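One line per chain: the protein sequences are A, B and C, in this order.
Numbering of the first sequence is given in our numbering, commencing with residue 1 and proceeding in unit increments.
Numbering of the second sequence is given in our numbering, commencing with residue 1001 and proceeding in unit increments.
Numbering of the third sequence is given in our numbering, commencing with residue 2001 and proceeding in unit increments.
A short worksheet on the structure shown next.
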Amino acid sequence: MAEPSTARTLTTEPRRTPPAPRSVGAYPLLAWTWMRAMAQYPVSLLLLTFGQAASTGLELTALFFVFGHAHQLAGFGINEALLIYGLAGVAFCLADFFMGSVERLGEHVRKGSFDTMLVRPVSPLVQLATDEFSPRRLGKVVPAVAALCYALAVLDIDWTPARILMLPVLIVSSIVICCCVWTLGASIQFFIADAREVANSVTYGGQAMTEYPLAIYGRSVVRTATFVVPLAFASWQPALFLLDRPDPTGLPEWLRYAAPGVALLMSLAATLAWRTGLRHYRSTGS
Amino acid sequence: MRVLFAVFSYELRRFSTYRVATAAGVFTNSVFGVINAMVLLAVFDAKPEINGYVAEDAVLQVFVAQAMIGPVAIFGPPLDLADRIRTGEIAVDLLRPVHPLLWWLAHDLGRAAFSLAFRSAPTFTVGLLVFALPPPAAPEQWAGFAAAILLATLVGFGLRYLYAISGFWLMDTRGVHATAWLLGTFASGMVLPLVLFPDAMAQVLRLLPFAALVQVPAEILMDKATLPGGTIAGGLAYQAAWAAALIAIGTLLTARATRKVVVQGG
Amino acid sequence: MPDLPAAAAHPAPADPIVDVRGLGRSFTVSEGPFLRRTRRTVHAVADVGFTVPRGAIVGYLGPNGAGKSTTMKMLTGILSPSSGTVRVAGLEPARQRTRLAARIGVVFGQRTTLWWDLPLRDSLALTRHLYHVPATDHARRLAELTELLELGPFLRTPVRQLSLGQRMRGDLTAALLHDPELLVLDEPTIGLDVVSKSTIREFLLKLNAERGTTILLTTHDLGDVERLCRRVMVIDHGRLAFDGDIAALRDSAPAPRTLVVDLAAPTAPITVAGARCVAVEGPRQWLELDANPAAVIAAVAAEHEVADLTLREPDIEEVVADLYRRPAGERGRITA
């Protein structure tokens, strides 16, 4: 090979067989890289985080205004309402933090950037979920956590060992359920690319709905939110469990223990929907 | 003028190609409307009259608010102008023989007209049907409401124009837009009718331009005594004053920005 | 850099890296106004078959909408085929997409696989983790590629601020850091300036020669084809219209070769058997050849005093354009 001596040559060591792709480890890695990139503009990040906190903070303010006029809604006072608001906020805001970016699937499909995700050896769902991952979304969780802690402190909750053990289980289940709702919303966009707003009506609409005691919407809404789109497990059922109150709409008490099972079922449904959507995308290329 | 009409109808046609997105928007606005309305119904169930509002008024306002989301673009999108300033393409816009504010107004009115017909009207109808609301009967209420929608659209444009041209002086308008969407939804009576706010706060918010986007149009439709001056005409005058003021400020700042672009070369 | 024979350092093993048989992909499209939509099936790719041996550089040509991108999507597993089989690096792309992704590199000229807001260096570091490349291998390869593709000046720049040429070099680096066996390039030089095109072409030749990386590229730029590819495939209307080396492509073309004759003095148009004078300009004449150039040259030299002779091959661009223009009936499949 008559290479000029200055030109670098490529090494000729034998080619390595690549290891099997692993998607799970890729999530924190991708998220961390994005966070580092976002942290390069600390002022912007701080302002945006503050803005996100303010957005849920204003909802909380509206809740106070509402309870200033009506001292009870469906038999729930302000402190109980704060518990429900806090539980819903923690579930939806953390799900938004972990999975919120998947709602932009339609946009990635239109721009063709989804194809670039498909040629990397990592699940496109993980790539999508971590896309532009930013700690600013945690801003939203702050008022919710504050409301939840306040409510847990002032409410007269009978802290049996079962309640202490169940609380984290219920919160984790509610976050999982909400993550699944986001994934289901994204999966629709494989079929209808412009359906993002429909997904929003379940995700952000679901959050708006579950921030108030579900009983105010009447029996049929409570039943739908329990058995069809199980958002009742985000705040309503856990709150009934903590407050040890019967369901005013007459649903059985065992439902409040069903959250982990519902989370599992929802995970299966979300996985199935995502796979079906992806298969559809790969057979139509659109 | 002919150019502006062409821009208007081009935007109208462009948006009419987004059929699925429009249907999805109607669905989402209706869902949020139903949720907000049910919360307020529960409130009025506990306290039947609040500052001159009864349950039907509150529900009607919720659907006015959902219907206004499209025309006044209270949650965005920002004007395309914002992006063009960021990328520097604005230099091309400044070369046109049309004032940039009028150019972008024609643009935005095209978008607003489309969303009024295909987003606002269906959403509002859904609200009336779901909650079996009797629509206001008096023709002057409807005539006033029609004028109020137009003025609200102008106020909405005036605000978004200012947000966008802040890009001439700020590195990044994302923060401005995020703050504005937040403030706009809260201060306009979109999240909650201003009549439910504490009195002092409501009085301050009624002086700001945001109230012209939702609260005032809703009160005009219902001919409420809480309107500025207590009449429909008073409400319209308030909206018109803000529209004129915002557009005047916009024109002034455009002139300054143009000089800046010409002097610094972008 | 001398034009080295493909894969000199790595003799090609017998099994092909790409093996495509009877590949087809059809789409259902809805047309017409709302409520009066009609559906019809479009065959974007129909019965395409070819193999690519390890170490080759193959160009995949075709006009817009001919089925190039659809084929590339099926080779990389983005799209599943409606009929036929595809094997790439011994894997079935549609079913083993992520495993395949770890063994091939893909670059789309029209859109970046890099992360738009991240500095190039961070994007490349992320790639290392996604592909599980050991740190030492990564560092060495990054150093090599940084030097060869001159990435140094913009490694710290966010991708969105890079010029098209810089971005393309960044994309190539990202696609090669895991040392793939096969590099799939979709329009790699689209929109680039002459210098960037040349840098990338020379780099690809070096990569193929020294590392033995198989390269499959689609392009509209016939300069890419002439500089890089010994073999080309032409797809048109979803069917393979040609598969062979460039010389055969030229031969297949009806576009004739031209003999440019510079005579000692201007004369009347030359008439010889097997050629036809198409233009005269002073002492220079252009003869279109129908027959063996040697015989024509001999005949011309026998009758005229010739100062200079040039034999012009048909321009590859014309040949390909001609292939696209041919009516469907004649198109058939030409395999050389």
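We put the beta carbon where it would ideally sit given N, CA and C, even for glycine.
The structure displayed is predicted, hence computed values, not measured ones.
Cα-Cα separation, residue i to residue j
i                  : j                  : result
Arg-2230 (chain C) : Asp-2186 (chain C) : 18 angstroms
Arg-2250 (chain C) : Leu-2222 (chain C) : 13 angstroms
Thr-2173 (chain C) : Ile-2246 (chain C) : 28 angstroms
Leu-1170 (chain B) : Trp-2116 (chain C) : 22 angstroms
Leu-105 (chain A)  : Phe-114 (chain A)  : 8 angstroms
Phe-1032 (chain B) : Phe-1005 (chain B) : 34 angstroms
Phe-2154 (chain C) : Gly-139 (chain A)  : 34 angstroms
Pro-1071 (chain B) : Leu-1227 (chain B) : 21 angstroms
Ala-1986 (chain C) : Gly-2212 (chain C) : Within the shown structure, residues of chain C are numbered from 2001 to 2336, placing residue 1986 (chain C) beyond reach of any answer.
Thr-249 (chain A)  : Thr-1017 (chain B) : 44 angstroms
Met-1 (chain A)    : Glu-2210 (chain C) : With a pLDDT of only 39 at Met-1 (chain A), under the threshold of 50, the placement of this residue in the model should not be trusted; the figure read from the coordinates follows. Those two C-alpha atoms are separated by around 9 angstroms.
Arg-163 (chain A)  : Ala-259 (chain A)  : 14 angstroms
Asp-2003 (chain C) : Asn-2064 (chain C) : Residue placement at Asp-2003 (chain C) cannot be trusted, given a pLDDT of 45 that sits under 50; what the coordinates show is reported in the next sentence. Distance between the alpha carbons of Asp-2003 (chain C) and Asn-2064 (chain C) is about 30 angstroms.
Phe-227 (chain A)  : Gly-185 (chain A)  : 17 angstroms
Val-1054 (chain B) : Ala-1121 (chain B) : 23 angstroms
Ile-2078 (chain C) : Val-1020 (chain B) : 25 angstroms
Leu-2263 (chain C) : Val-2319 (chain C) : 29 angstroms
Arg-2141 (chain C) : Thr-2071 (chain C) : 30 angstroms
Leu-2114 (chain C) : Ala-2135 (chain C) : 20 angstroms
Ala-2044 (chain C) : Pro-2081 (chain C) : 11 angstroms
Ala-88 (chain A)   : Leu-2124 (chain C) : 39 angstroms
Val-1261 (chain B) : His-2132 (chain C) : 48 angstroms
Leu-60 (chain A)   : Pro-18 (chain A)   : 51 angstroms
Gly-2075 (chain C) : Glu-2150 (chain C) : Looking at the sequence itself, residue 2075 (chain C) is Leu, so the reference to Gly does not match. Each residue's alpha carbon lies about 30 angstroms from the other.
Lys-1047 (chain B) : Ala-70 (chain A)   : 6 angstroms
Leu-2228 (chain C) : Leu-2204 (chain C) : 8 angstroms
Leu-231 (chain A)  : Asp-156 (chain A)  : 25 angstroms
Contact belief for residue i with residue j at Cβ below 8 angstroms, rounded distance in angstroms
i                  : j                  : result
Met-2168 (chain C) : Ile-2200 (chain C) : 7 angstroms
Arg-2021 (chain C) : Val-2029 (chain C) : No, Arg-2021 (chain C) and Val-2029 (chain C) are not in contact; Cβ-Cβ is about 26 angstroms, not under 8 angstroms.
Phe-67 (chain A)   : Ala-81 (chain A)   : 6 angstroms
Ala-147 (chain A)  : Tyr-85 (chain A)   : 5 angstroms
Thr-2214 (chain C) : Leu-2240 (chain C) : Their Cβ separation, rounded to whole angstroms, is 19 angstroms, which puts Thr-2214 (chain C) and Leu-2240 (chain C) out of contact at 8 angstroms.
Val-1176 (chain B) : Ser-1166 (chain B) : 5 angstroms
Gly-1127 (chain B) : Gln-1066 (chain B) : 7 angstroms
Ala-1152 (chain B) : Met-1068 (chain B) : 6 angstroms
Phe-1131 (chain B) : Val-1059 (chain B) : 5 angstroms
Leu-2176 (chain C) : Gly-2067 (chain C) : Not confirmed; about 27 angstroms, so no contact.
Closer than 8 angstroms at the beta carbon, the chain A residues around residue i
i                  : result
Ala-1113 (chain B) : Chain A residues near Ala-1113 (chain B): none, gap ~20 angstroms exceeds 8 angstroms.
Gly-1175 (chain B) : Ser-44, Leu-47, Leu-48, Gly-51
His-2043 (chain C) : What His-2043 (chain C) touches in chain A: nothing, since even the nearest Cβ is about 14 angstroms away.
Contacts of residue i in chain A (Cβ-Cβ under 7 angstroms)
i                  : result
Thr-1179 (chain B) : Gly-51
Asp-1083 (chain B) : Within chain A, no residue comes near Asp-1083 (chain B); the closest Cβ sits about 15 angstroms away, beyond 7 angstroms.
Val-2106 (chain C) : Val-119
Tyr-1018 (chain B) : Asp-194
Residues that residue i contacts on chain B, provided the C-beta gap is smaller than 7 angstroms
i                 : result
His-69 (chain A)  : Val-1043, Lys-1047, Ile-1050, Leu-1196
Ala-62 (chain A)  : Val-1191, Leu-1192
Met-209 (chain A) : Ile-1035
Ala-74 (chain A)  : Ala-1042
Leu-365 (chain A) : The displayed coordinates of chain A run from 1 to 286. Any statement about residue 365 (chain A) would go beyond what the structure contains.
Under 8 angstroms by beta carbon: chain C residues contacting residue i
i                : result
Val-24 (chain A) : Ordered by position in chain C, no residue passes the 8 angstroms Cβ test against Val-24 (chain A), which lies about 13 angstroms from the chain.
Beta-carbon neighbours of residue i, restricted to chain C and to distances below 7 angstroms
i                 : result
Pro-248 (chain A) : Those do not exist, as Pro-248 (chain A) stays about 46 angstroms from chain C at its closest Cβ, beyond 7 angstroms.
Chain-ordered neighbours of residue i on chain B, where CB pairs are closer than 8 angstroms
i                 : result
Ser-55 (chain A)  : Leu-1182
Phe-65 (chain A)  : Leu-1192, Leu-1196, Phe-1197, Pro-1198
Val-198 (chain A) : Ala-1024, Phe-1027, Thr-1028
Under 9 angstroms from the C-beta of residue i: neighbouring residues of chain C
i                 : result
Thr-284 (chain A) : Phe-2027, Thr-2028, Leu-2079
- Message: Which complete alpha helix (DSSP H) runs does the region 1155-1189 of chain B hold, if anything under 4 residues is left out?
- Response: Complete alpha helix (DSSP H) runs here, min 4: 1174-1187.
- Task: Could I get the ranges of all uninterrupted beta strand (DSSP E) runs contained in the region 2091-2157 of chain C, with 3 residues as the minimum, in chain order?
- Result: Listed in chain order, the complete beta strand (DSSP E) runs (minimum 3 residues) inside the region 2091-2157 of chain C are 2104-2108.
- Message: So, does the region 188-195 of chain A touch the region 216-236 of chain A, judging by three or more C-beta pairs under 8 angstroms?
- Response: Using a Cβ-Cβ distance cut-off of 8 angstroms, the region 188-195 of chain A and the region 216-236 of chain A are not in contact, since fewer than three pairs of beta carbons, one from each stretch, lie closer than that value.
- Item | Segment contact, 8 angstroms Cβ cut-off, at least three pairs: the region 1189-1201 of chain B with the region 1104-1123 of chain B | No, the region 1189-1201 of chain B does not touch the region 1104-1123 of chain B.
- Within the region 164-251 of chain A, note down every full alpha helix (DSSP H) run reaching 4 residues or more, in order along the chain. Within the region 164-251 of chain A, the complete alpha helix (DSSP H) runs of at least 4 residues are 196-210, 219-227, 236-243.
- Message: Count Cβ pairs between the region 15-27 of chain A and the region 126-140 of chain A that sit closer than 8 angstroms; are there 3 or more?
- Response: At 8 angstroms Cβ cutoff, the stretches touch.
- Query: Between the region 69-79 of chain A and the region 203-216 of chain A, are three or more C-beta pairs nearer than 8 angstroms?
  - Reply: The region 69-79 of chain A, when compared against the region 203-216 of chain A, does touch it at the 8 angstroms Cβ threshold.
- Evaluate contact between the region 2128-2147 of chain C and the region 2084-2097 of chain C, counting only Cβ atoms and requiring at least three cross-stretch pairs below 8 angstroms. Too few Cβ pairs lie closer than 8 angstroms, so no.
- Item | Within the region 1120-1148 of chain B, ranges of the alpha helix (DSSP H) (whole runs, at least 4 residues) | Whole alpha helix (DSSP H) segments, 4+ residues: 1121-1130.
- Item | Length-filtered (4 minimum) alpha helix (DSSP H) runs lying within the region 1187-1260 of chain B | Unbroken alpha helix (DSSP H) stretches of 4 residues or longer found wholly inside the region 1187-1260 of chain B: 1199-1205, 1215-1222, given in chain order.
- Task: Evaluate the contact criterion for the region 2255-2274 of chain C versus the region 2292-2306 of chain C: three or more CB pairs, one atom per stretch, below 8 angstroms.
- Result: Note that the region 2255-2274 of chain C touches the region 2292-2306 of chain C; at least 3 beta-carbon pairs, one per stretch, sit closer than 8 angstroms.
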